[in-house]
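What follows is a set of notes on a single structure, which appears directly below.
Structure representation (structure tokens):
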């Protein structure tokens, strides 16, 4: 939930504390091993964090048997989880807003070229950002395409995901590739399609 990447969003001590508080708010009987998996850290570090949290009055160690404990959040721990979660959510919202602005700037050539009808290729998280970024831009999304057969026919933000060959029947002036993972492959795939002869291809 909290640990989304390895390169640009590095976990901090506060983030790991929030992850521990969140996990324990859902299940106070999680073992240190399971807490470590939830927080993407070692059992030894979980033990260290829990000891610090106990010292701060955030958790109460309650013996279950001779070998194990349950870690119950104290009222102070409940309040700390709420405070940290509010800060975390606020920062994530700000990051999402910045990402939308970046995508909007990348799509400015659409408006400059008078393009008002587009199809999106790649029904995943990045596509959601593009859909949001296009709101109020004057561009209408006429279809969403994806190579994955498991996605085709499913609903994605009020659109039914279509196979690539459906592009021939869409009134689109351009296709925006909304997949970073296979962007070059998709570009070559689109460029080879007869339906793309009079359509432009945009990448993010």
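In this note's numbering, the protein residues as written are 2 to 205.
A virtual CB, placed ideally from N, CA and C, is assigned to each residue, including glycine.
Which residues DSSP lists as bridging residue 146, in chain order | Taking the chain shown and counting its residues from 1, one reaches residue 146 at position 145. Bridge partners of residue 146: 122 and 163.
In whole angstroms, what is the alpha-carbon distance linking residue 124 and residue 113?
-> As a working mapping, residue 124 is identified with position 123 in the chain shown. As a working mapping, residue 113 is identified with position 112 in the chain shown. Cα to Cα, residue 124 sits roughly 25 angstroms from residue 113.
Mind checking which residues open and close the alpha helix (DSSP H) that includes residue 74?
-> Indexing the chain shown from 1 puts residue 74 at position 73. Per DSSP, residue 74 belongs to no alpha helix (DSSP H); it is in the beta strand (DSSP E), 70-74.
Residue 48 to residue 102, Cα distance in whole Å?
-> Here residue 48 corresponds to residue number 47 of the chain shown, with the count starting at 1. Here residue 102 corresponds to residue number 101 of the chain shown, with the count starting at 1. Rounded to the nearest angstrom, the two C-alpha atoms are 41 angstroms apart.
In the structure shown, what three-state DSSP assignment does residue 193 receive?
-> Stepping through the chain shown from its first residue, residue 193 is reached at position 192. In this structure, residue 193 counts as coil in the three-state DSSP scheme.
If you pair each beta-carbon of the segment 131-144 with each one of the segment 87-94, do three or more pairs fall below 8 angstroms?
-> no
According to DSSP, residues forming a beta bridge with residue 156 | Against the chain shown, residue 156 aligns to sequence position 155. Its beta-bridge partners are 161.
Assign residue 122 to buried or exposed, taking buried as 16 or more other Cβ atoms, counted over all protein chains shown, within 10 Å of its Cβ.
-> As a working mapping, residue 122 is identified with position 121 in the chain shown. Residue 122 comes out buried.
Of the listed residues 175, 183, 195 and 10, nearest to residue 96 (C-alpha basis) = Start at 1 with the first residue of the chain shown, and residue 96 comes out as number 95. If we check each option's Cα against that of residue 96, 10 comes out closest.
Give the C-beta separation of residue 64 and residue 70 to the nearest angstrom, bearing in mind that I take them to be a contact with Cβ-Cβ under 8 angstroms.
-> As a first step, residue 64 must be located in the chain shown, where it is residue number 63. As a first step, residue 70 must be located in the chain shown, where it is residue number 69. 6 angstroms between Cβ atoms; contact.
Report yes or no: do the segment 103-111 and the segment 51-61 share at least 3 C-beta pairs separated by less than 8 angstroms?
-> no
In terms of residue numbering, what span does the beta strand (DSSP E) encompassing residue 62 cover?
-> Reading the chain shown from its first residue, position 61 is the one you call residue 62. Counting along the chain, the beta strand (DSSP E) containing residue 62 begins and ends at 60-64.
What is the DSSP secondary structure of residue 141, counted as helix, strand or coil?
-> Locating residue 141 in the chain shown gives position 140, where the first residue counts as 1. Strand, per DSSP.
Kindly give me the distance between the Cβ atoms of residue 177 and residue 119, rounded to whole angstroms, as I take these residues to be in contact under 8 angstroms.
-> Within the chain shown, numbered from 1, the residue matching residue 177 stands at position 176. Within the chain shown, numbered from 1, the residue matching residue 119 stands at position 118. So it is a contact: roughly 6 angstroms between Cβ atoms.
Is DSSP giving residue 179 helix, strand or coil here?
-> Position 178 of the chain shown, counted from the start, is the residue given in the question as residue 179. Note: residue 179 maps to coil in three-state DSSP.
Counting only the same chain and skipping the five closest in sequence on each side, list residues whose C-beta sits under 7 angstroms from that of residue 62.
-> Your numbering for residue 62 matches position 61 in the chain shown. Counting only Cβ-Cβ distances below 7 angstroms, and skipping sequence neighbours, we find 55, 70 and 72.
Residue 168 beta carbon less than 7 angstroms from that of residue 196 = In the chain shown, counting from the first residue as 1, residue 196 sits at position 195. In the chain shown, counting from the first residue as 1, residue 168 sits at position 167. Yes; because the gap between Cβ atoms is below 7 angstroms, this pair is in contact.
Does the beta-carbon of residue 14 have 16 or more other beta-carbons within 10 angstroms, so that it is buried, or is it exposed?
-> Translated into positions along the chain shown, residue 14 becomes position 13. That one is exposed.
Spatial distance of residue 91 from residue 98 (CA atoms) | Residue 91 sits at position 90 when you count from the first residue of the chain shown. Residue 98 sits at position 97 when you count from the first residue of the chain shown. If I take the Cα positions, the gap works out to 11 angstroms.
Please classify residue 34: does DSSP put it in a helix, a strand, or coil?
-> In the chain shown, counting from the first residue as 1, residue 34 sits at position 33. Correct three-state label for residue 34: helix.
Element boundaries [beta strand (DSSP E), containing residue 201] = Stepping through the chain shown from its first residue, residue 201 is reached at position 200. Start and end: 201-204.
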